[in-house]
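Beneath this line is the structure, given in structure tokens, with notes to follow.
Residue numbers (the working numbering): 139 to 1063.
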């Protein structure tokens, strides 16, 4: 009930007249913008002292009489002598003015008190002049740079990053998503630069007083939220593409990387066209630009008509980038271009429903990727990957609902997490599968048509989908989408379904409870009930492609769980599998006999009769249950023992991801030798069957087999299986002896990460310096990341310490955006973990300042630490450290709470399972 009460208060306070004492987190609703005219002059002659100044004209519609205008402004110097306010409608226009101003730093409010009352129904024009430094903080309107190797000089560009609440750093505005309005942007800049914004250029004219400066005016935009406004001044080159509907499509990058734009310029238009057909709405803008920014903290940002990307997300070099890199680029592009409809055309009313943007873009991107690249067979891989991410995060007591109240900007930042993205995507996929294609598509189309250029909330979507479902007969008339989906979006966590079979009667009892990693918390105490679509198949039917629910686990009106009995199940010699193709985000635990039947099939020649997604599901579920004590490790290892037969990527990835978590604990204990022997026994047969890390990539037909070969190779070299290490070192030596190593690299592209890391781990200081030199000269962002990752594989303490110090040097050669990547890589190293942990704890204040004002990036340093702390002493030490460093964890309450909870679950595993696991793996090697 608290949630609904909060909404009621927000509405009531919002309509009140605002004064300088107004301290509600949402803007007053007495006025709203009708249109912005934004002029920005950017001066970059002296990069370290770059500034911008601007003028903003806002047409304001008055909905309720009020004596003030409250909008957002942060770190802007406003020239109040230039502020004007005038009425622009009606025959009796009254002069008006601003009598005084006030600020509220808690919510970044700038409040203008008016000379005369603003009357409902009138429209006013507010003009403001402002200026600010062009910062290098990677938010708001900021500067970035790259090196021009030919001229041997640094080149500077400007770019914006406004999501979620940083437009206020660039111009005064109503910086909330539901205040949509058209924008007319005009950029003043030196004529040697390009100017880009959301819309095409309308006209260019000389600046009235600055020689060699021009004004570039852009066409008026469609109505959009402030966080989607974007502009850039740069000297980039671009690669044009064509779209069937005539929209201009361009891909921009620094001139010495323009050859890396080819793939993005081909993929982008194809996936955009797919979305036009999927949603039944043409891309609404006359052009689409996508630009690779050298310094960019987010992976990418969906600004309407000007999508910004980190270089490693947009650029792809066939000579230097692996298949994994190519797929990453495609995934990110598909995600951002899906936002042009979900997020841009229809936008959430408030950040509570951020998941409507991010969950839909994540899910629809899997469809776009599968459409453009069917040969990648990526749909299952992407879907399962999203599920595995959410299973880990959402099994924490400190998780949160997909849709949750947001009252502070720091809370908005924290909402950009696996729950909004991966869980959001997974519940939408579940809905797609239980509704079927026709009802799902028609419901989406009507939702987008109804709310285009407007704002919506999840209930609006449920309404459209319910109508489509009933019309198409996809859902019983007494079921509605809201009841089902609210159980997934408004409560935290996900269920585990316990299946207890009565083999004589051919039936099963099904019960549900929330799955929690923390075994010190009573699950029954946590309650919770989910509407669960139950799909299942049996050993005789083997109908894995039918993901429609055969039945439902239901909840009563009070949210209490209702029992469920399933009949017509097979006899005692046949297994049953629930949740075909992992069609919904829940786990399934069976009685001991059903697990034995499954293990028997997996360890027979008929193991492929179980669909590969469900093979992955069984591995993931049983290893989770072993972790939390619902199953013993003899059963869990019995399930994965069959892997020596497995030749599909997905089950291997799932198994190795789970074993990686165990590895990070076990390697710090005396039993690591047994664990290493177990892994070598598991990995050697498939490594040798795939011809090791020999260069056989050109003969591999299925693309996911390339990824399987590289995944297996990584583990084989890490555990010194077969010939992996000497083979990798041999490749590296061949590269080192080439007279021109920056131009010629004999190491096969798809195993460079394996070869580099292995050679550095087993190599000398000279090998490290050789690779560092390659990093400094590399021109491809993904290659730079591969090299940084490998440099972290050193076993030399002083080299790792040096790398950490270079990582957090603001003037060093490692870009700030890559610092969390390097820290994670060092901490993942057996030798580097204690170093990284000590460095973090000793330097937490300076690291916090290094990332300020973007604490979310700071939180990325926590996972490699919390994954490896597993005894009570270290857990208590870190807990005390967090308590004593509160200032450095400001705005990261959720991240630190989750970090401590995961450490606690590691401690619980160690105290409960270490002995059982150790004896179990002895039996299997």
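Quick reminder that beta carbons are idealized off the backbone N, C-alpha and C, glycines included.
Going by C-alpha to C-alpha distance, which of the options sits closest to residue i?
i            : options             : result
residue 524  : 558, 204, 545       : 558
residue 386  : 448, 428, 185       : 428
residue 467  : 426, 403, 492, 413  : 403
residue 289  : 394, 503, 950, 815  : 394
residue 275  : 1038, 1054, 987     : 987
residue 396  : 773, 286, 781       : 286
residue 195  : 1020, 266, 382, 836 : 266
residue 441  : 773, 475, 366       : 366
residue 529  : 934, 1027, 776, 759 : 759
residue 1006 : 497, 802, 303       : 802
residue 435  : 582, 994, 972       : 994
residue 380  : 424, 496, 613       : 424
What three-state label does DSSP hand residue i in the structure shown?
i            : result
residue 171  : strand
residue 1051 : helix
residue 304  : coil
residue 566  : helix
residue 253  : strand
residue 1046 : helix
residue 623  : helix
residue 990  : coil
residue 959  : helix
residue 831  : coil
residue 190  : strand
residue 435  : coil
residue 640  : strand
residue 673  : coil
Could you give the first and the last residue of the continuous alpha helix (DSSP H) run that contains residue i?
i            : result
residue 718  : First-last for residue 718: undefined, no H or E at that position.
residue 805  : Run containing residue 805: none; DSSP gives neither H nor E here.
residue 977  : 970-980
residue 940  : 935-945
residue 757  : 750-766
residue 1020 : 1010-1022
Straight-line CA distance for residue i to residue j?
i            : j           : result
residue 710  : residue 642 : 7 angstroms
residue 457  : residue 919 : 13 angstroms
residue 1044 : residue 998 : 19 angstroms
residue 246  : residue 165 : 10 angstroms
residue 417  : residue 401 : 24 angstroms
residue 311  : residue 192 : 13 angstroms
residue 789  : residue 751 : 7 angstroms
residue 900  : residue 598 : 58 angstroms
residue 611  : residue 573 : 9 angstroms
residue 1048 : residue 812 : 16 angstroms
residue 1002 : residue 961 : 8 angstroms
residue 731  : residue 910 : 55 angstroms
residue 509  : residue 405 : 11 angstroms
residue 722  : residue 670 : 8 angstroms
residue 555  : residue 493 : 9 angstroms
residue 308  : residue 256 : 26 angstroms
residue 351  : residue 331 : 10 angstroms
residue 673  : residue 693 : 17 angstroms
residue 616  : residue 604 : 11 angstroms
How far does the beta strand (DSSP E) with residue i in it extend, from its first residue to its last?
i           : result
residue 293 : 291-299
residue 388 : 386-391
residue 651 : 645-652
residue 269 : 261-271
residue 281 : 278-286
Would the C-beta of residue i count as close to the ligand ADP, meaning under 7 angstroms from any of its heavy atoms?
i           : result
residue 982 : With respect to small molecules bound, the structure shown includes none, and the ligand ADP cannot be examined in it.
Once the 5 residues before and after residue i are set aside, which same chain residues still bring their CB inside 6 angstroms of it?
i            : result
residue 833  : 886
residue 1057 : none
residue 514  : 841
Taking 7 angstroms as the limit between beta carbons, can you name the residues of its chain near residue i, skipping five residues before and five after?
i           : result
residue 861 : 830
residue 320 : 173, 358, 359, 360, 361
residue 651 : 633, 634, 661, 662
residue 500 : 473, 524, 559, 560, 562, 563
residue 187 : none
Between residue i and the rest of its own chain, which residues show a CB-CB distance below 8 angstroms, the 5 nearest in sequence each way excluded?
i           : result
residue 631 : 532, 533, 537, 652, 653, 654, 664, 666
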